[in-house]
Amino acid sequence: MHARSYSEATSVDQFSPARRFYYVQSPRPTKWKKCRTFPAQWVRRRTIFTILVSRRVPDSPPRLRTISTGTAIPPPGENSTAPRIPMKKRRNPSMVFEKFNVQAGSDPGGVATDLMSLNSTVRIKYRNPATFYGVHVSSSLFQLHYFQLHVASGQMKEFYQRRQSSRRLTTSVAGHQVPLYGGITAIGNWRDQQQDGVGVEVPLNLTMAVRSSAYILGRLVKSTFHTTITCSVTLSTNKLGKFHSFNNSCTYN
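Residues in the sequence shown are numbered consecutively from 1, following the UniProt record's numbering.
This is the structure in structure tokens:
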């Protein structure tokens, strides 16, 4: 028997036969019928392992290659999973002014001016459409302005919203003896005529700044959401105690 030299054993012929490939793969998608309860956002990918066997070098170990594997979860920043505060429904959300009063007085510095006080309640709906994570909502500030004049404010309490759920929130927005300095002329004239049953309407802007955050994969990934909503409302002294709808009067920033 002719003995082969080391150079002959390790050399590669110019026209060597093709290498053999062996595939071991996971079950086909047709065998996943029993897993229909999985959420639609999951993307299944088959895992394929390729074992490459070399015939030219007998002592070399087979090499294992992984082509693709894993499942994909949509990130929290996508529009389809971001928290929502709808403002176009008739019944919800809404705002009601309970009390309104203007009287003569002075500011803390002793300057004579009209002082305005009001109480109101804002009702909104918060919804978390995400499938895989809950949302932590921070304490949010609600403010009422007459142009640049700040007249009232309120604080929404913090809470945790579970996945694919919603809740209705009620926040009190009030102002106590706010100095006007003649900034609202209509109110100054109305103060002298309110005993005669004359009403007044004051256009106001309600600003809601809502901040929330979500954790995914434990605390490895964190996403924050900032929503600022500005709504135009009208304070009417003849409609105290009645709900005011925000339908088509709000903008998102």
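All C-beta atoms, glycine included, are put in the ideal place defined by N, C-alpha and C.
Quick check on the burial criterion: 16 or more other C-beta atoms within 10 angstroms. Buried or exposed for residue i?
i           : result
His226      : exposed
Phe142      : buried
Gly109      : exposed
residue 270 : Residue 270 lies beyond the residue range present for the chain, which begins at 1 and ends at 253; the question has no answer from this structure.
Ser106      : exposed
Val221      : exposed
Tyr146      : buried
My understanding is that residue i touches residue j, with C-beta atoms under 8 Å, so please give their C-beta distance in whole angstroms.
i      : j      : result
Gln161 : Thr131 : So it is not a contact: roughly 13 Å between Cβ atoms.
Gly175 : Ser117 : 6 Å
Lys99  : Asn119 : 4 Å
Ser139 : Lys157 : 6 Å
Thr187 : Val135 : According to the sequence displayed, residue 187 carries Ile and not Thr. Not really, about 40 Å apart at Cβ, beyond 8 Å.
Val210 : Thr237 : Not a contact, Cβ separation roughly 30 Å.
Going by DSSP, what residue range makes up the beta strand (DSSP E) through residue i?
i      : result
Asn238 : Here Asn238 belongs to no beta strand (DSSP E), and DSSP marks it neither H nor E.
Arg211 : 201-216
Glu98  : 94-106
Leu115 : 112-128
Ser172 : 165-179
Ser140 : 140-146
Tyr252 : 250-252
Met156 : 149-156
Phe243 : 243-245
Tyr160 : 159-161
Val135 : 135-137
Apart from the five residues on each side of it in sequence, which residues of its chain come closer than 6 Å, Cβ to Cβ, to residue i?
i      : result
Leu206 : Leu144, Cys231, Val233
Thr224 : Ser213
Met208 : Phe142, Ile229
Leu235 : Phe97, Val202, Leu204
Phe159 : Val137
Thr251 : Thr230
Report all residues from its chain with a CB closer than 7 Å to the CB of residue i; omit the five preceding and five following residues, and keep chain order.
i      : result
Arg84  : Arg127, Pro129
Val198 : Trp190
Ala104 : Asp114
Gly218 : none
Leu149 : Gly183
Thr170 : Thr121, Arg123
Lys242 : Val96
Enumerate in chain order the residues of its own chain whose CB-to-CB distance from residue i is below 8 Å, with the five nearest sequence positions on each side excluded.
i           : result
Ala152      : Leu118, Ser120, Gln143, Leu144, Val173, Ala174, Gly175, Val178
Leu240      : Phe97, Glu98, Lys99, Phe100
residue 254 : There is simply no residue 254 to check, as the chain begins at 1 and stops at 253 in what is shown.
Tyr133      : Pro76, Arg163, Ala214, Tyr215, Ile216
Hey, is residue i's beta-carbon within less than 9 Å of any beta-carbon in chain C?
i      : result
Val198 : Included in the structure is just one protein chain, with no chain C present.
**Asked** Taking three-plus beta-carbon pairs below 8 Å as touching, is the segment 103-122 in contact with the segment 170-189?
**Response** yes
**Request:** Flag this pair as touching only if the segment 90-105 and the segment 239-248 have three or more C-beta atom pairs under 8 Å; answer yes or no.
**Result:** yes
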